[in-house]
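Student:
Chains as they are written, first to last, in the working numbering: chain C, 202 to 517; chain B, 2 to 446.
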């Protein structure tokens with residue numbers, strides 16, 4: 202409840218400032234490293250590349266992607282005869298933005314009514330919180346939002362979503378703990394159609410991507426939704442925790458294999474976590490990143506913008 | 002967990018062991034590959050640096066370079082350092098001499114604190130301890146309710162704080178409640194927090210001062226990325242942790258966080274969460290984990306055993322014989338005896354990297370006995386010059402050893418193959434008894 206009061210006052214701080222302050226730590230680490238290199242006397246040589254490599258690795262970009270980016274950068278430098286370090290940095294940034302924005306695709310509200318969003322991810326990635334924040338945001342924008350408490354496994358997960366629904370002043374479809382999540386999803390989509398909702402957000406229990414039985418359960422949830430409303434879910438979003446490392450790649454691949462994902466949400470970017478793994482995911486899976494969580498307050502969930510993201514990461 | 006890291010290391014090791022001579026450049030190449038393997042396993046970069054420096058220093062030392070098996074020696078160094086990094090034995094939570102033992106849980110959001118409280122409580126209950134669970138996460142919606150549900154499922158008491166919204170007040174009253182109830186263990190669940198949230202860190206410190214816990218447990222996600230070392234350090238610096246619990250280990254986490262957190266805090270990893278069920282909490286045995294990471298059973302013991310059992314002079318003597326092509330059936334019998342001294346073949350095979358994967362590979366220790374019997378039934382001249390063994394000699398040897406002529410033929414054929422291989426090995430410089438045992442074909446019957 203405390204959160205609510207705080208959010209009222211600070212709600213209008215602006216996306217830019219909020220993202221930047223959220224990413225402050227990130228910036229000071231990743232960009233700080235690069236800025237130091239840029240301001241220093243380093244020439245575009247092995248030392249600069251080594252420093253860049255380290256900075257990218259610490260940002261969880263991963264070995265493979267880091268090598269790829271640096272190889273690319275080396276070519277760029279040679280082709281364009283870049284001599285100044287800030288030029289090198291500009292090229293690096295440009296390439297990163299390119300990779301991150303190539304799959305850009307907005308969530309379409311108008312094409313589908315109700316818009317059905319299925320939220321999936323591993324335990325503790327922040328699915329329920331993300332749903333709560335999105336619900337609040339869209340409710341404020343005047344949309345008719347319905348929630349579905351599809352996490353029938355974890356103790357009190359249903360209560361958790363209901364608290365968010367109460368806060369936002371919207372309804373939450375739920376059954377008792379231990380119920381079949383497909384049944385909850387079925388009820389929710391049916392109710393959303395009947396009540397002429399704009400959007401229905403379906404929560405699911407967290408599961409590790411390697412747990413085949415639970416992945417099968419998710420497939421079933423998705424199938425059942427499609428039976429109630431052909432074409433739904435319109436967005437199956439994977440929620441990724443920015444504090445995690447290269448395992449996010451395995452998560453994305455296996456969830457995508459099972460569910461044919463439509464995009465990502467990355468949470469917990471307000472810590473020192475950098476989420477560099479998104480570079481790999483954007484490049485490999487060609488899926489858009491829709492939202493990022495940069496703080497704990499309801500409106501700290503923001504639309505992902507690659508330019509702002511990279512800008513906040515590497516500002517000169 | 003760790004499978005991927007172990008695969009990578011295994012490949013690097015294989016390359017290393019194939020080398021008779023180890024140059025500084027070879028060491029550096031191996032170190033580079035190990036670095037990549039560790040980075041891909043999400044070990045924090047500063048931790049990797051601290052790890053590789055002593056490995057390099059020791060590997061390029063005189064002793065390794067000059068040894069007969071430098072590749073093996075370097076593998077041993079890497080493994081030793083890895084053991085230093087992870088620790089050696091399982092360290093359980095110690096109960097206070099005067100109950101209640103107070104345990105404080107801390108960690109980032111979504112790391113799995115509340116679920117782990119349930120798992121720990123179940124473990125204590127099974128040990129006959131009475132527990133009181135304290136919900137002090139007043140921020141996350143329904144976190145308190147979650148702990149109450151777990152308590153109901155496990156039939157373990159959960160402190161009822163009513164409408165109290167101050168976590169410190171909750172903890173204080175809960176401790177009084179525990180004394181009244183004569184609870185033996187109190188587990189306090191706190192709110193997840195970002196390391197950058199100073200306000201919440203401050204709150205955690207105040208909770209610690211208030212409850213004076215015997216054990217502060219840092220709960221961390223095993224899949225954490227490069228930040229794991231820094232995050233663990235922040236918690237350790239701010240509140241001081243006594244142990245670590247790693248959660249979500251049942252996935253395909255590469256487990257680098259385990260190395261990073263242990264290395265940076267020096268605090269033992271006590272348990273790992275291996276599943277969603279409340280009994281999926283396992284003690285963390287660093288020694289076993291090391292051999293899991295190395296995916297190889299246990300090369301260290303193998304190297305040590307070999308060192309114990311193969312006297313250096315004997316090895317050198319043998320090597321001379323290989324080179325002169327003077328390796329006889331008698332030498333072969335002595336070798337077999339030495340190998341047998343090291344333990345059963347199954348046991349030895351289990352220590353060879355990769356051999357663990359050859360499931361169903363049966364090794365018959367009796368095969369050695371038979372070979373020995375056959376050689377024993379030969380005359381000294383026959384043993385020295387196996388070429389003179391003709392059909393009639395074979396019949397006599399078979400009778401003497403209780404075998405068939407066919408067995409004698411098999412042995413002689415295999416021995417000839419082995420001699421050929423020996424020549425190759427000795428040209429390579431080192432005595433690679435791994436290939437001697439594995440490639441000879443004597444066990445693969």
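We put the CB at the ideal spot given by N, CA and C, even for glycine. None of these values were measured; they are calculated from a predicted model.
Considering only the beta carbon of each residue, do residue 42 of chain B and residue 17 of chain B sit closer than 9 Å?
Tutor: Translated into the one-based positions of the second chain, residue 42 of chain B becomes position 41. Translated into the one-based positions of the second chain, residue 17 of chain B becomes position 16. Cβ atoms of residue 42 of chain B and residue 17 of chain B: not closer than 9 Å.
Student: Among B:380, B:248 and B:271, which has the Cα closest to the Cα of residue 90 of chain B?
Tutor: Locating residue 90 of chain B in the second chain gives position 89, counting from the first residue. It is B:271 whose Cα lies nearest to the Cα of residue 90 of chain B.
Student: Provide the residue span of the alpha helix (DSSP H) that contains residue 387 of chain B, from first to last.
Tutor: Here residue 387 of chain B refers to the residue found at position 386 when the second chain is read from its first residue. Run containing residue 387 of chain B: none; DSSP gives neither H nor E here.
Student: Just to confirm my understanding: we take residue 53 of chain B, look at its own chain, exclude 5 residues before and 5 after, and list those with CB closer than 8 Å. What are they?
Tutor: On the second chain, residue 53 of chain B is found 52 positions in, with the first residue counted as 1. 32, 35 and 36.
Student: Residues of chain C with CB closer than 9 Å to the CB of residue 252 of chain B, please, in chain order.
Tutor: Start at 1 with the first residue of the second chain, and residue 252 of chain B comes out as number 251. Identification of chain C residues near residue 252 of chain B by a Cβ-Cβ cut-off of 9 Å yields 323, 409, 410, 411, 412, 448, 451 and 452, ordered along the chain.
Student: Counting along the chain, where does the beta strand (DSSP E) carrying residue 231 of chain B start and finish?
Tutor: Within the second chain, residue 231 of chain B is the residue found at index 230, counting from 1. From DSSP, residue 231 of chain B is part of no beta strand (DSSP E) but of the alpha helix (DSSP H) over 229-240.
Student: DSSP three-state call for residue 75 of chain B: helix, strand or coil?
Tutor: As a working mapping, residue 75 of chain B is identified with position 74 in the second chain. Helix, per DSSP.
Student: For residue 271 of chain B, report the span of its alpha helix (DSSP H) as first-last.
Tutor: The residue you call residue 271 of chain B lines up with position 270 of the second chain. Unbroken run through residue 271 of chain B is the beta strand (DSSP E), 270-274; no alpha helix (DSSP H).
Student: Using alpha carbons as the reference points, say which of B:165, B:119, B:153 and B:149 lies closest to residue 139 of chain B.
Tutor: To locate residue 139 of chain B, count along the second chain from 1; it is residue 138. If we check each option's Cα against that of residue 139 of chain B, B:165 comes out closest.
Student: So if DSSP puts residue 137 of chain B in a beta bridge, which residue, or which two residues, is it bridged to?
Tutor: Walking along the second chain from the start, residue 137 of chain B turns up at place 136. Per DSSP, the beta-bridge partners of residue 137 of chain B are B:191.
Student: Using a Cβ-Cβ cut-off of less than 8 Å, give me the residues of the stretch 247-263 of chain C that come near chain B, in sequence order.
Tutor: 255, 258, 259, 260, 261 and 263
Student: Among the residues of its own chain, which have a CB less than 8 Å from the CB of residue 511 of chain C, if the five just before and after it don't count?
Tutor: On the first chain, position 310 is the one that residue 511 of chain C refers to. 294, 297, 298 and 301.
Student: How is the alpha helix (DSSP H) around residue 442 of chain C delimited, first residue to last?
Tutor: By one-based count along the first chain, residue 442 of chain C stands at place 241. According to the DSSP assignment, residue 442 of chain C belongs to no alpha helix (DSSP H) but to the beta strand (DSSP E) extending over 436-442.
Student: Any beta carbon of chain C sitting closer than 9 Å to that of residue 202 of chain B?
Tutor: Reading the second chain from its first residue, position 201 is the one you call residue 202 of chain B. No, no contact with chain C.
Student: Per DSSP, what kind of secondary structure is residue 177 of chain B in: helix, strand or coil?
Tutor: As a working note, residue 177 of chain B is residue 176 in the second chain. For residue 177 of chain B, the three-state secondary structure derived from DSSP is helix.
Student: Starting from the C-beta of residue 214 of chain C, find all residues in its chain whose C-beta is less than 7 Å away, skip the five residues before and the five after it, and write them out in chain order.
Tutor: The sequence position of residue 214 of chain C within the first chain is 13, counting from 1. Low local confidence applies: a pLDDT of 43 at residue 214 of chain C is under 50, so the model's placement there is unreliable, with the coordinate-based value given in what follows. Cβ neighbours of residue 214 of chain C beyond the five flanking positions: none.
Student: Buried or exposed for residue 396 of chain B, please, with buried defined as at least 16 other CB atoms from any protein chain shown within 10 angstroms of its CB.
Tutor: Numbered from its first residue, the second chain carries residue 396 of chain B at position 395. Residue 396 of chain B should be labelled exposed.
Student: Taking 7 Å as the limit between beta carbons, can you name the residues of its chain near residue 384 of chain B, skipping five residues before and five after?
Tutor: The count along the second chain starts at 1 and reaches residue 384 of chain B at position 383. Same-chain partners within the cutoff: 329, 330, 331 and 376.
Student: DSSP on residue 304 of chain C, reduced to helix/strand/coil?
Tutor: On the first chain, position 103 is the one that residue 304 of chain C refers to. In the structure shown, residue 304 of chain C sits in coil (DSSP, three-state: anything other than H, G, I, E or B).
Student: When you compare the CB of residue 501 of chain C with every CB in chain B, is at least one pair closer than 9 Å?
Tutor: Counting from one through the first chain, the residue named residue 501 of chain C turns up at place 300. So no, residue 501 of chain C is outside the interface.
Student: Let me check understanding here. Comparing Cα to Cα, which of B:393, B:65 and B:185 lies closest to residue 23 of chain B?
Tutor: Translated into positions along the second chain, residue 23 of chain B becomes position 22. Of B:393, B:65 and B:185, the residue nearest in Cα terms is B:65.
Student: Spatial neighbours of residue 351 of chain C within its chain, please: CB distance less than 6 Å, with the 5 preceding and 5 following residues excluded, ordered by chain position.
Tutor: Your numbering for residue 351 of chain C matches position 150 in the first chain. Excluding five sequence positions before and after residue 351 of chain C, the CB atoms of its chain that fall closer than 6 Å to its own CB belong to 382, 385, 386, 403, 404 and 405, given in chain order.
Student: If you reduce the DSSP assignment to three classes, tell me which class residue 456 of chain C lands in.
Tutor: Locating residue 456 of chain C in the first chain gives position 255, where the first residue counts as 1. DSSP places residue 456 of chain C in helix when its eight states are reduced to three.
Student: In three-state terms, what does DSSP make of residue 330 of chain B?
Tutor: In the second chain, the residue the question calls residue 330 of chain B occupies position 329. Three-state result, residue 330 of chain B: helix.
Student: Closer than 9 Å, Cβ to any Cβ of chain B: which residues of the stretch 426-446 of chain C, in chain order?
Tutor: 442, 443, 444, 445 and 446
Student: Given this structure, state the Cα-to-Cα distance separating residue 179 of chain B from residue 283 of chain B, to the nearest angstrom.
Tutor: Here residue 179 of chain B refers to the residue found at position 178 when the second chain is read from its first residue. Here residue 283 of chain B refers to the residue found at position 282 when the second chain is read from its first residue. In this structure, the straight-line span from the alpha carbon of residue 179 of chain B to that of residue 283 of chain B is close to 27 Å.
Student: Residues of chain B with CB closer than 8 Å to the CB of residue 327 of chain C, please, in chain order.
Tutor: Numbered from 1 along the first chain, position 126 holds the residue referred to as residue 327 of chain C. Near residue 327 of chain C (Cβ distances below 8 Å), the residues of chain B are 110 and 111.
Student: Just to confirm before moving on: does the CB-CB distance between residue 450 of chain C and residue 414 of chain C stay below 9 Å?
Tutor: The residue labelled residue 450 of chain C in the question sits at position 249 within the first chain. The residue labelled residue 414 of chain C in the question sits at position 213 within the first chain. Not a contact, by the Cβ cut-off of 9 Å.
Student: Closer than 9 Å by beta-carbon distance: list the chain B residues that pair up with residue 360 of chain C, in chain order.
Tutor: Taking the first chain and counting its residues from 1, the one referred to as residue 360 of chain C is at position 159. What residue 360 of chain C touches in chain B: 142, 143, 146, 147 and 150.
Student: Mind pulling the alpha helix (DSSP H) runs of 4 or more residues that sit fully within the stretch 109-176 of chain B?
Tutor: 114-127 and 144-155
Student: Grab the span of the beta strand (DSSP E) containing residue 320 of chain C for me, first residue to last.
Tutor: On the first chain, position 119 is the one that residue 320 of chain C refers to. Taken as a continuous stretch (DSSP letters only), the beta strand (DSSP E) holding residue 320 of chain C covers 316-322.
Student: The beta strand (DSSP E) spanning residue 342 of chain C covers which residue range?
Tutor: Taking the first chain and counting its residues from 1, the one referred to as residue 342 of chain C is at position 141. Counting along the chain, residue 342 of chain C falls outside any beta strand (DSSP E), and DSSP gives it neither H nor E.
Student: If we ignore side chains and look at the alpha-carbon of each, how far apart do residue 478 of chain C and residue 333 of chain B end up?
Tutor: To locate residue 478 of chain C, count along the first chain from 1; it is residue 277. To locate residue 333 of chain B, count along the second chain from 1; it is residue 332. Using only the alpha carbons, I get a separation of about 56 Å.
Student: Indicate whether residue 202 of chain B and residue 235 of chain B have their beta-carbon atoms separated by less than 9 Å.
Tutor: The residue given as residue 202 of chain B occupies position 201 in the second chain. The residue given as residue 235 of chain B occupies position 234 in the second chain. Taking 9 Å as the Cβ cut-off, residue 202 of chain B and residue 235 of chain B qualify as a contacting pair.
Student: Based on Cα-Cα distance, which residue from C:434, C:454 and C:439 lies nearest to residue 309 of chain C?
Tutor: Your numbering for residue 309 of chain C matches position 108 in the first chain. The candidate whose alpha carbon is nearest that of residue 309 of chain C is C:434.
Student: From what residue to what residue does the beta strand (DSSP E) around residue 503 of chain C run?
Tutor: The residue given as residue 503 of chain C occupies position 302 in the first chain. Segment 502-504, the beta strand (DSSP E) holding residue 503 of chain C.
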